[in-house]
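Peer 1:
Protein chains: 2
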Amino acid sequence: MVRVTSIGFPNGRIETTKANNEMITLKDVAKRAGVSPSTVSYVLSGKKKVKEETRSKIYEAVKTLNYSPNKVARSLKTNSTNTIGVMVNNLSDMFFIDILKAIESTAYEYKYNVILCDAVNSEEREISNLRSLLGQRIDGLIFAGTGKNKKLNLDRLGIPVVTLDRSAGSGSGSIYVDNVKGGELATEHLIQAGKLPIALITYSTLISTFFDRMYGYRKTLEKYGLPYNEDLVVVTDFGTYNEGYNAVRELLKRKVEFQSLFAVNDMLALGAMRALVEEHYKIPEDISVVGYDDIPIAKLFLPALTTVSQPQYQIGRKATELLIRTINKEPIEEAEKSIVITPELIVRETA
Amino acid sequence: MVRVTSIGFPNGRIETTKANNEMITLKDVAKRAGVSPSTVSYVLSGKKKVKEETRSKIYEAVKTLNYSPNKVARSLKTNSTNTIGVMVNNLSDMFFIDILKAIESTAYEYKYNVILCDAVNSEEREISNLRSLLGQRIDGLIFAGTGKNKKLNLDRLGIPVVTLDRSAGSGSGSIYVDNVKGGELATEHLIQAGKLPIALITYSTLISTFFDRMYGYRKTLEKYGLPYNEDLVVVTDFGTYNEGYNAVRELLKRKVEFQSLFAVNDMLALGAMRALVEEHYKIPEDISVVGYDDIPIAKLFLPALTTVSQPQYQIGRKATELLIRTINKEPIEEAEKSIVITPELIVRETA
DNA sequence: TTGAAAGCGATACCAC
DNA sequence: GTGGTATCGCTTTCAA
């Protein structure tokens, strides 16, 4: 069924016509075309057959009046807004940019709008944003929030929710990247290059994402019969560039030797690299570095960062499609509801 | 006047209560509290005095029913959605990230929602997105679109518009960064360091932003009695990293000598730096580089990029405040409607 | 194939 | 202070 969501304006004009800035309504169109409001609605929604003659009369009126349907009124009646909400943990985290781009783009194709909320690492703000989104009557939610909100039960929001890469309640679907695998990939690469021992810069182990990456590191060391040395790991509070920088300084202070370094996200890796360069280490000759995420600048960096890639665009697109299909009550097989994406090691210049 | 936009849920719960997933309405609350719907409305909006006793009865009912007002209905009635639209030219352009963050954050403070649209460099998409936003009845728009859409008259959208850094119609306000000044700053810095001649990598001179930066470059050369040499300038199509890279290759092919390079945006500068490094030029010893924008990674880069800063967070915040004040019909002096922000040269490691 | 009219869930005017 | 009710602009059932 074709649903006309947006009525074309003549000549690409996007303007109001009524002088007093009042909106043209469906009634105005009906009057002008000499038909009833319902008929206009039928024509515009394409939900009922209407005689060709009346149709064109109506289109005519729509054009000359430059009519644009009021989606608020439609929403009230149909109880659906054609809008999805997106909650990200932190917009500064470049990891979300391509995801957001993909969501916006996919939503656009399906004629959905996107309302954006940033939790800025705050659980309160997360809740408060969520409340607002729900009040706006969004049709569904893509959730990539703080991941540490215990009060939050995404299954009881009353709308479909797709979660990204966090396990804060299952929701009606989730896109999950195998972080253990990613940790293994990175570690294995460094082991095979003989760059031992491997230092680890990680981030809150309370968040499963990072716990898993770290677990992949440990598991792989074990697999190769290598010791796990706590002196080689630094745990940071937020996973930022500055913390990556400080982590290396800390490592250096500890006077432990290491030939390579695995950071559980790219920002940490970049910060670490700065510290290494300042101390005149050559990358990768002296110390190899592997990051995680493949944020947009990873490949642009000097030297280009070797990293574990999470296909961000794909994640965003799949999440949006899954969400919209759920909103539309399309039958979705159980297997499709939980999409697991396999990370990939992108070898560039730092390892 | 205090406007209660969001009703607190007890214990931080965000859940539906009616088993059949039906929404609780104001009428339900009224019935439960034994009052009329209008009284409930008065209490929740705080627009009329209501006896303390009835008030608490109503709050009581709101709590136990876990009522959340339907903003769609409110919007229909009040003809305002508490939502602002944001149109950016391209989300991949990291220049917009902090702006977006600021917009989101400021909107949050004022209890506004943000609907995000990405024109992805396409004028068609820009128009079509705009149409959709207007259909959604947004209260106002922050516009930082392609800047080349001739069909677009932002003054006739029927809602307040604040434009960012483009001159596509004045709108009801604009935040303008003095790009000529920025071009001067960069050029002057290089001249005074004696890094002559200065190559220029620029981007569509049809967009005033970039035309102005280039003009600042020419003007400054003139001021110092230096020749303007066309062989030293490369004009790119989109201002991307890859184009910056290719621009340097082009410059090298032309066999013109240059000791420094001014790129009209940071992405071009970063791409240029890559090409220089690949050709074994040392930055800044052999060739100095100055960018423009101060995108988030500029200071993180290796070497850290010297660049002309546009205070992105401030731009976003001011734009949002100006917009919301306009929406609320607050009196705004003519001078405040056009905010000019002075760029600043941030000297780091590349020049 | 078309039209009349009820109603979505708020707000706000006007009575009392 | 409180309540009845028309209204916002659309969709949709039912009847013609």
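Order-wise, the sequence lines are chains A and B.
The C-terminal position of the first sequence is numbered 648 in this note's numbering, with every residue numbered one higher than the one before it.
The C-terminal position of the second sequence is numbered 648 in this note's numbering, with every residue numbered one higher than the one before it.
Ideal Cβ placement from N, Cα and C applies to all residues, glycine included.
In this text the structure is predicted, and so the values were computed from the model without any measurement.
(1) Mind reading off the beta-carbon distance from residue 499/B to residue 545/B? Whole number of angstroms is fine, and I expect it under 8 angstroms.
(2) Suppose you measure from the CA of residue 430/A to the CA of residue 382/A; what does that come to, to the nearest Å?
(3) Measure from the C-beta of residue 337/B to each C-beta in chain A and report whether the shortest distance is under 7 angstroms.
(4) Assign residue 632/A to buried or exposed, taking buried as 16 or more other Cβ atoms, counted over all protein chains shown, within 10 Å of its Cβ.
(5) Three Cβ pairs or more, each shorter than 8 angstroms: is that satisfied between the region 601-609 of chain B and the region 631-645 of chain B?
(6) Shorter than 6 angstroms, the distance from the beta carbon of residue 421/B to the closest heavy atom of the ligand ADP, or not?
(7) Taking residue 436/A as the query, report the chain B residues whose CB atoms sit under 8 angstroms from its CB, ordered along the chain.
(8) Have a look at 437/B, 554/B, 338/B and 345/B and flag the residue whose alpha-carbon is nearest the alpha-carbon of residue 376/B.
(9) Kindly indicate which residue of 424/A, 409/A and 428/A has the alpha-carbon position closest to the one of residue 426/B.
(10) Report the residue ranges of all beta strand (DSSP E) runs contained in full by the region 573-604 of chain A; include only those spanning at least 3 residues, in chain order.
(11) Would you decide whether residue 379/A is buried or exposed? Buried here means 16 or more other CB atoms lie within 10 Å of its CB.
(12) From which residue to which residue does the beta strand (DSSP E) around residue 642/A run?
(13) Give the interface partners of residue 370/A over in chain B, defined as CB-CB distance under 7 angstroms, in chain order.
(14) Any beta carbon from chain B within less than 7 angstroms of residue 356/A's own beta carbon?
(15) Taking all protein chains shown into account, decide if residue 374/B is buried (16 or more other Cβ within 10 angstroms of its Cβ) or exposed.
(16) So with CB distances below 7 angstroms, who are the chain B contacts of residue 398/A?
(17) Report all residues from its chain with a CB closer than 6 angstroms to the CB of residue 442/B; omit the five preceding and five following residues, and keep chain order.
(18) Taking beta-carbon pairs under 8 angstroms, can you tell me which members of the region 524-553 of chain B lie near chain A?
(19) Where residue 561/A and residue 372/A are concerned, what is the direct C-alpha to C-alpha distance, given to the nearest angstrom?
(20) Taking the C-alpha atoms as reference points, what is the distance between residue 627/B and residue 618/B?
(21) Indicate whether at least one CB of chain A lies closer than 7 angstroms to the CB of residue 432/B.
(22) Taking residue 484/B as the reference, which of 510/B, 333/B and 470/B has the closest Cα?
(23) Only counting runs of 4 or more residues, tell me where the alpha helix (DSSP H) segments fall wholly within the region 309-380 of chain A, in order along the chain.
(24) In angstroms, rounded to a whole number, what distance separates the CA positions of residue 612/A and residue 487/B?
(25) With C-beta atoms as the reference, is residue 432/A less than 7 angstroms away from residue 481/A?
(26) Run through DSSP, which three-state label would residue 391/A get?
(27) Against residue 412/B, what residues of chain A qualify as contacts under a CB-to-CB distance less than 9 angstroms, listed in chain order?
(28) Taking Cβ positions only, does residue 307/B come closer than 7 angstroms to chain A?
(29) Under 8 angstroms, with one C-beta from each stretch per pair, do the region 339-357 of chain B and the region 392-411 of chain B reach the 3-pair mark?
(30) Measure from the alpha carbon of residue 366/A to the alpha carbon of each residue in 348/A, 551/A and 325/A, then state which is nearest.
(31) At least one CB of chain A closer than 7 angstroms to the CB of residue 439/B: is that the case?
(32) Measure the C-alpha to C-alpha separation of residue 398/A and residue 565/B and round it to an integer number of angstroms.
(33) Going straight from the alpha carbon of residue 543/A to that of residue 540/B, what length do you get?
(34) My understanding is that residue 616/B touches residue 461/B, with C-beta atoms under 8 angstroms, so please give their C-beta distance in whole angstroms.
Peer 2: For this structure:
(1) Residue mapping note: residue 499/B aligns to position 202 of the second sequence, counting from 1. Residue mapping note: residue 545/B aligns to position 248 of the second sequence, counting from 1. Between residue 499/B and residue 545/B, the beta carbon gap of about 13 angstroms keeps them out of contact (Cβ cut-off 8 angstroms).
(2) In the first sequence, the residue the question calls residue 430/A occupies position 133. In the first sequence, the residue the question calls residue 382/A occupies position 85. Their backbone Cα atoms lie some 7 angstroms apart in a straight line.
(3) Walking along the second sequence from the start, residue 337/B turns up at place 40. No, residue 337/B lies away from the interface with chain A (no Cβ there is under 7 angstroms from its Cβ).
(4) Stepping through the first sequence from its first residue, residue 632/A is reached at position 335. By the neighbour-count rule (16 or more Cβ atoms within 10 Å), residue 632/A is not buried but exposed.
(5) Contact holds: three or more Cβ-Cβ distances are below 8 angstroms.
(6) This structure lacks the ligand ADP; in fact it carries no ligand of any kind.
(7) By one-based count along the first sequence, residue 436/A stands at place 139. Close partners of residue 436/A in chain B (Cβ separation under 8 angstroms) are lacking, with about 11 angstroms as the shortest Cβ gap.
(8) Within the second sequence, the letter at position 79 stands for residue 376/B. Cα-wise, what sits closest to residue 376/B is 437/B.
(9) On the second sequence, residue 426/B is found 129 positions in, with the first residue counted as 1. With distances taken between Cα atoms, residue 426/B lies closest to 409/A.
(10) The region 573-604 of chain A contains these whole beta strand (DSSP E) runs: 585-590.
(11) For this step, residue 379/A is matched to residue 82 along the first sequence. By the neighbour-count rule (16 or more Cβ atoms within 10 Å), residue 379/A is buried.
(12) Mapped onto the first sequence, residue 642/A falls at position 345. 641-643 is the span of the beta strand (DSSP E), which, as asked, contains residue 642/A.
(13) Translated into the one-based positions of the first sequence, residue 370/A becomes position 73. Under the 7 angstroms cutoff, chain B gives 373.
(14) Sequence index remark: in the first sequence, residue 356/A carries index 59 (1-based). For residue 356/A, the answer is no, since every Cβ of chain B falls outside 7 angstroms of its Cβ.
(15) Here residue 374/B refers to the residue found at position 77 when the second sequence is read from its first residue. Residue 374/B should be labelled exposed.
(16) As a working mapping, residue 398/A is identified with position 101 in the first sequence. Here the neighbours are 388, 389 and 415.
(17) As a first step, residue 442/B must be located in the second sequence, where it is residue number 145. For residue 442/B, where only same-chain residues beyond five positions count, the Cβ hits under 6 angstroms are 384, 386, 416 and 423.
(18) Those residues of the region 524-553 of chain B that come within reach of chain A (Cβ to Cβ, closer than 8 angstroms) are 538.
(19) Position 264 of the first sequence, counted from the first residue, corresponds to residue 561/A. Position 75 of the first sequence, counted from the first residue, corresponds to residue 372/A. Computed Cα separation, rounded: 43 angstroms.
(20) As a first step, residue 627/B must be located in the second sequence, where it is residue number 330. As a first step, residue 618/B must be located in the second sequence, where it is residue number 321. A direct Cα-to-Cα measurement between residue 627/B and residue 618/B gives close to 11 angstroms.
(21) On the second sequence, position 135 is the one that residue 432/B refers to. Yes - at least one Cβ of chain A is within 7 angstroms of the one on residue 432/B.
(22) The residue you call residue 484/B lines up with position 187 of the second sequence. The candidate whose alpha carbon is nearest that of residue 484/B is 510/B.
(23) If only complete runs of 4 or more residues are kept, the region 309-380 of chain A shows the alpha helix (DSSP H) at 323-330, 334-342, 349-362 and 368-375, in order along the chain.
(24) For the purposes of this step, residue 612/A is taken as the residue at position 315 of the first sequence. For the purposes of this step, residue 487/B is taken as the residue at position 190 of the second sequence. Distance between the alpha carbons of residue 612/A and residue 487/B: 44 angstroms.
(25) Working through the first sequence from its first residue, we reach residue 432/A at position 135. Working through the first sequence from its first residue, we reach residue 481/A at position 184. Between residue 432/A and residue 481/A, the C-beta gap is not smaller than 7 angstroms, which leaves the two residues out of contact.
(26) Position 94 of the first sequence, counted from the start, is the residue given in the question as residue 391/A. Under the three-state reduction of DSSP, residue 391/A is assigned to coil, being neither helix nor strand.
(27) One-based indexing of the second sequence puts residue 412/B at position 115. Here the neighbours are 380, 410, 411, 412 and 413.
(28) The residue given as residue 307/B occupies position 10 in the second sequence. Since pLDDT at residue 307/B reaches only 36, below the 50 mark, its modelled position is unreliable, and the value read off the structure follows with that caveat. Using a Cβ-Cβ cut-off of 7 angstroms, residue 307/B does not count as an interface residue toward chain A, since no Cβ of chain A sits closer than that to its own.
(29) Touching, no.
(30) Working through the first sequence from its first residue, we reach residue 366/A at position 69. The alpha carbon of residue 366/A has as its nearest neighbour, out of 348/A, 551/A and 325/A, the alpha carbon of 325/A.
(31) As a position in the second sequence, residue 439/B is number 142, starting the count at 1. No, residue 439/B lies away from the interface with chain A (no Cβ there is under 7 angstroms from its Cβ).
(32) Position 101 of the first sequence, counted from the first residue, corresponds to residue 398/A. Position 268 of the second sequence, counted from the first residue, corresponds to residue 565/B. Linking residue 398/A to residue 565/B through their CA atoms gives a straight-line distance of about 21 angstroms.
(33) What you label residue 543/A is simply residue 246 of the first sequence in a count that begins at 1. What you label residue 540/B is simply residue 243 of the second sequence in a count that begins at 1. The alpha-carbon of residue 543/A is positioned some 34 angstroms away from that of residue 540/B.
(34) Reading the second sequence from its first residue, position 319 is the one you call residue 616/B. Reading the second sequence from its first residue, position 164 is the one you call residue 461/B. Yes, residue 616/B and residue 461/B are in contact; Cβ-Cβ is about 6 angstroms, under 8 angstroms.
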